[in-house]
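J.: Residue numbers (our numbering), protein chains in the order written: chain R, 1 to 315; chain L, 1001 to 1354. Ideal Cβ positions, reconstructed from N, Cα and C, are used throughout, including at glycine.
(1) What does DSSP give as the partner residue(s) for residue 1093 (chain L) in the beta ladder?
(2) Does the beta carbon of residue 184 (chain R) come closer than 7 Å to any beta carbon on chain L?
(3) Taking Cβ-Cβ distances shorter than 8 Å, what residues in chain R pair up with residue 1171 (chain L)?
(4) Taking all protein chains shown into account, decide if residue 216 (chain R) is buried (16 or more other Cβ within 10 angstroms of its Cβ) or exposed.
(5) At a cut of 8 Å, does the stretch 212 to 229 of chain R reach the stretch 282 to 301 of chain R through at least three beta carbon pairs?
(6) Check this for me: beta carbons of residue 1146 (chain L) and residue 1282 (chain L), under 7 Å apart or not?
(7) So, helix, strand or coil for residue 91 (chain R), using DSSP?
(8) When the Cα atoms are used, what is the spatial distance from residue 1176 (chain L) to residue 255 (chain R)?
(9) Tell me which residue opens and which closes the alpha helix (DSSP H) that residue 1217 (chain L) is part of.
(10) Kindly indicate the opening and closing residues of the alpha helix (DSSP H) around residue 1313 (chain L).
(11) Using a Cβ-Cβ cut-off of less than 7 Å, list which residues of the stretch 1282 to 1295 of chain L approach chain R; keep chain order.
(12) Am I right that residue 1059 (chain L) and residue 1313 (chain L) are in contact with their C-beta atoms under 8 Å? What's the rounded C-beta distance?
(13) Please list the partners that residue 145 (chain R) has in chain L, where partner means a Cβ-to-Cβ separation under 8 Å.
(14) Taking residue 1165 (chain L) and residue 1149 (chain L) to be in contact with their CB atoms under 8 Å, please state how far apart those CB atoms are, rounded to whole angstroms.
(15) Using a Cβ-Cβ distance cut-off of 7 Å, determine whether residue 1314 (chain L) contacts chain R.
(16) Where does residue 14 (chain R) fall in DSSP's three states?
(17) With a cut-off of 7 Å, does the C-beta of residue 142 (chain R) fall near any C-beta of chain L?
(18) Could you confirm whether any beta carbon from chain R is found closer than 7 Å to the beta carbon of residue 1095 (chain L)?
(19) So the alpha helix (DSSP H) residue 25 (chain R) belongs to, where does it begin and stop?
(20) Once you ignore the five residues that flank residue 1300 (chain L) on each side, which residues in its own chain have a CB closer than 8 Å to its CB?
(21) For the alpha helix (DSSP H) holding residue 57 (chain R), just list the boundary residues, first then last.
(22) Let me confirm a value: residue 1057 (chain L) is counted as buried when at least 16 other C-beta atoms fall within 10 Å, else exposed. Which label applies?
(23) At the level of alpha carbons, what is the spacing between residue 128 (chain R) and residue 135 (chain R)?
(24) Look at the Cβ atom of residue 1231 (chain L), then the Cβ atom of residue 1172 (chain L), and state whether they are nearer than 7 Å.
(25) Would you mind giving the Cβ-Cβ distance between residue 131 (chain R) and residue 190 (chain R), rounded to the nearest angstrom? I have them listed as a contact below 8 Å.
(26) Just to confirm my understanding: we take residue 1221 (chain L), look at its own chain, exclude 5 residues before and 5 after, and list those with CB closer than 7 Å. What are they?
(27) Of the residues R:167, R:226, R:205 and R:228, which one's Cα is nearest the Cα of residue 1317 (chain L)?
(28) By DSSP, does residue 157 (chain R) sit in helix, in strand, or in coil?
(29) Please name the residues in the stretch 253 to 280 of chain R whose beta-carbon is closer than 7 Å to at least one beta-carbon of chain L, in chain order.
(30) Measuring CA to CA, which of R:101, R:73 and R:56 is closest to residue 86 (chain R)?
(31) So, are the CB atoms of residue 1289 (chain L) and residue 1257 (chain L) less than 7 Å apart?
(32) Just verifying my parser: in three-state terms, what is the DSSP assignment at residue 228 (chain R)?
(33) As a quick exercise: from L:1305, L:1296, L:1319 and L:1286, pick the residue whose alpha carbon is nearest that of residue 1341 (chain L).
(34) Taking DSSP as the reference, what is the three-state secondary structure of residue 1319 (chain L)?
(35) Based on DSSP bridge pairs, tell me the residues matched to residue 1034 (chain L).
(36) Looking at the structure shown, is residue 1274 (chain L) part of a helix, part of a strand, or coil, going by DSSP?
This is the structure in structure tokens:
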């Protein structure tokens, strides 16, 4: 999906007579570019570290029902005494209800990752659709869309998300929506710029001359070319979405019925762990947030560096 | 946003990658600079009005009767509720409330706080200097630190120093600001065994001191919030400065400068850095606007009596006029700073805008 594809995405037009079918060709080309991408990605050690950390966290989150069980957040039959320090039985101590903090931490990773992924997917989807259409259809549509984008761009994102989360009901959906709706403008701008660059290439003119409609041009020619950019952007947005989720939960705007890392921090603060110096209650959820956010950032930068070596961001 | 949160959070503030300012190239076309300025200012005015409209309608969406919030659940007679409604103009039709709101906002009246029964503008004016003190101090430090370390990093890029610098910046950038704040309070204010509490846990002054002692006291309270803000914010400046300078470093004029026999140090300070700082300037202004809004968490954690702390208080009631007014102030700060950056950019970089 790198240079090769962008330069010649439609394939060599003439010499297909005795060659394999276009689909097989496309598949082979895609496999080759994926292999090339991986080879270059491997050279970025920070990116590899990020990837390893992510794999670990995703595995922990996915296997949580087996390792800690879904009743870990039940307040009524908590296994320990309130606010126990770390011990052999509870490696990270217990919270104010006597629940096992290690279990809550593992369980909370599910919500943090899920909200981060969904919010980033929503944000990037909005950004990509607006960016591609604004770049494809010029004229008043593009003007209006870019005005809206600019307007969202100047709004203080956190404040807007807080306000949205306050206005709507307390649920995970609200958080995803609040983050997704406030973070898309950067993606829209990037994608629009890339769309304009792609659409000025001759092969788009060729596609039009052959009778390709708007949908065909956007989905078969523009989209594959902006995909790498969108991918890198997604990875970077996930890490801010995870931080945003923690922030909203910490401000008490999260869903009170689910356990998340931000929610654990809020619980810790409300249980008075700051004034009593119970650092063991506060440290683990924050470390979780920071490591996952960092891992996504590292991956995103590595992807960006592979796709756009001129940026020179990584290394 | 905030650091994540503020910083990132939401904001995060997006990708820590240098981009040429989008607005900078739009100044082209006849008319020259005055016309460009007029266009930017008109754009800013439109944005401000849009914010005003949004803040009005967004907060009407909050479910529940605002009058009930005002009385805090105390049993109140229906007549009393009606009196409240009339006092805050809530008995009027929505469009009339809106026109009243706009007219009043233009004359500098943002309504009356439900919670404090005082004009919103007074509460904001009261808290503004405290926020400016906190964000201003942090802003100067993290910009200088980020630019300095970013320059170092880019000049010797790939080296051990660069890798440590970038790694640390990225790590701190991923940390939620409120969490770092809480940890600092535990370790340095409350005190963990061997370390005694060195700093106050929150607030802005202990009260009682006069004159110079008072200044020292405020500075003492300022240390931890500023450290928190600097830690989560300097990374972005560092990364942008670094990649801007890296972009510049392949340029021919640097080779020429070296060929003239200039010392490495001079090549960096006189030739490379001034050019590389251009993209950073935009970021600096955007940051300044963002920091005012992003300070909500840090102020809440450190009970700093500023706009962010006020926003948090207003939110928990919810005190609509106050939230509305603060939302407007935060958005206005960002719009103002973006406009300022747009206006300055063509003056700093002759290649664009003229």
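T.: According to the structure shown:
(1) As a working mapping, residue 1093 (chain L) is identified with position 93 in the second chain. Partner(s): none; residue 1093 (chain L) has no beta bridge.
(2) For this step, residue 184 (chain R) is matched to residue 184 along the first chain. Chain L contact via Cβ: absent.
(3) Within the second chain, residue 1171 (chain L) is the residue found at index 171, counting from 1. Result: 290 and 294.
(4) In the first chain, residue 216 (chain R) corresponds to position 216, counting from 1. Looking at its Cβ environment, which holds fewer than 16 other Cβ atoms inside 10 Å, residue 216 (chain R) is exposed.
(5) no
(6) Taking the second chain and counting its residues from 1, the one referred to as residue 1146 (chain L) is at position 146. Taking the second chain and counting its residues from 1, the one referred to as residue 1282 (chain L) is at position 282. In this structure, residue 1282 (chain L) does not lie closer than 7 Å to residue 1146 (chain L) by Cβ.
(7) Within the first chain, numbered from 1, the residue matching residue 91 (chain R) stands at position 91. If DSSP states are grouped into helix, strand and coil, residue 91 (chain R) belongs with coil.
(8) Counting from 1 along the second chain, the entry for residue 1176 (chain L) is found at position 176. Counting from 1 along the first chain, the entry for residue 255 (chain R) is found at position 255. About 19 Å.
(9) Translated into positions along the second chain, residue 1217 (chain L) becomes position 217. Residue 1217 (chain L) -> alpha helix (DSSP H) spans 1211 to 1249.
(10) As a working note, residue 1313 (chain L) is residue 313 in the second chain. Residue 1313 (chain L) -> alpha helix (DSSP H) spans 1307 to 1316.
(11) Hits within the stretch, in order: 1290, 1293 and 1294.
(12) One-based indexing of the second chain puts residue 1059 (chain L) at position 59. One-based indexing of the second chain puts residue 1313 (chain L) at position 313. In fact, because the Cβ distance is near 16 Å, the residues do not count as touching under 8 Å.
(13) Counting from 1 along the first chain, the entry for residue 145 (chain R) is found at position 145. Here the premise fails: no neighbours, minimum Cβ distance about 14 Å.
(14) As a first step, residue 1165 (chain L) must be located in the second chain, where it is residue number 165. As a first step, residue 1149 (chain L) must be located in the second chain, where it is residue number 149. Contact flag correct, Cβ pair sits at about 5 Å.
(15) Stepping through the second chain from its first residue, residue 1314 (chain L) is reached at position 314. No, because no Cβ of chain R sits closer than 7 Å to the Cβ of residue 1314 (chain L).
(16) For the purposes of this step, residue 14 (chain R) is taken as the residue at position 14 of the first chain. Unreliable positioning characterises residue 14 (chain R) in this predicted model, as indicated by a pLDDT of 48, which lies under 50. The coordinate reading is nonetheless provided below. In this structure, residue 14 (chain R) counts as coil in the three-state DSSP scheme.
(17) As a working note, residue 142 (chain R) is residue 142 in the first chain. By this cut-off, residue 142 (chain R) is not an interface position.
(18) As a first step, residue 1095 (chain L) must be located in the second chain, where it is residue number 95. So no, residue 1095 (chain L) is outside the interface.
(19) Locating residue 25 (chain R) in the first chain gives position 25, where the first residue counts as 1. 22 to 42 is the span of the alpha helix (DSSP H), which, as asked, contains residue 25 (chain R).
(20) Against the second chain, residue 1300 (chain L) aligns to sequence position 300. 1178, 1308, 1309 and 1312.
(21) Taking the first residue of the first chain as position 1, residue 57 (chain R) is located at position 57. Segment 45 to 62, the alpha helix (DSSP H) holding residue 57 (chain R).
(22) Here residue 1057 (chain L) refers to the residue found at position 57 of the second chain. Exposed, because fewer than 16 other Cβ atoms sit within 10 Å of the Cβ of residue 1057 (chain L).
(23) Taking the first residue of the first chain as 1, we reach residue 128 (chain R) at position 128. Taking the first residue of the first chain as 1, we reach residue 135 (chain R) at position 135. Answer to the nearest angstrom: the Cα atoms are 10 Å apart.
(24) Locating residue 1231 (chain L) in the second chain gives position 231, counting from the first residue. Locating residue 1172 (chain L) in the second chain gives position 172, counting from the first residue. If you check the CB distance, residue 1231 (chain L) and residue 1172 (chain L) come in under 7 Å.
(25) Here the question's residue 131 (chain R) lines up with position 131 in the first chain. Here the question's residue 190 (chain R) lines up with position 190 in the first chain. At roughly 7 Å, the Cβ-Cβ gap stays under 8 Å, so residue 131 (chain R) and residue 190 (chain R) are in contact.
(26) Position 221 of the second chain, counted from the first residue, corresponds to residue 1221 (chain L). Once the five neighbours on either side are set aside, the close Cβ partners of residue 1221 (chain L) are 1200, 1203, 1204 and 1205.
(27) The residue labelled residue 1317 (chain L) in the question sits at position 317 within the second chain. Closest option to residue 1317 (chain L), judged by alpha-carbon separation, among R:167, R:226, R:205 and R:228: R:167.
(28) As a position in the first chain, residue 157 (chain R) is number 157, starting the count at 1. Helix at residue 157 (chain R).
(29) 265, 269, 274, 275, 277 and 279
(30) Translated into the one-based positions of the first chain, residue 86 (chain R) becomes position 86. Here the closest residue by C-alpha is R:101.
(31) Here the question's residue 1289 (chain L) lines up with position 289 in the second chain. Here the question's residue 1257 (chain L) lines up with position 257 in the second chain. No, the pair does not count as a contact, with Cβ atoms beyond the cut-off.
(32) Counted from its first residue, the first chain places residue 228 (chain R) at position 228. When DSSP states are grouped into helix, strand and coil, residue 228 (chain R) belongs to the helix group.
(33) On the second chain, position 341 is the one that residue 1341 (chain L) refers to. When C-alpha distances from residue 1341 (chain L) are compared across L:1305, L:1296, L:1319 and L:1286, the shortest belongs to L:1286.
(34) Reading the second chain from its first residue, position 319 is the one you call residue 1319 (chain L). In the structure shown, residue 1319 (chain L) sits in coil (DSSP, three-state: anything other than H, G, I, E or B).
(35) Taking the second chain and counting its residues from 1, one reaches residue 1034 (chain L) at position 34. Residue 1034 (chain L) is not bridged to any residue.
(36) As a first step, residue 1274 (chain L) must be located in the second chain, where it is residue number 274. Residue 1274 (chain L) falls in the helix class under three-state DSSP.
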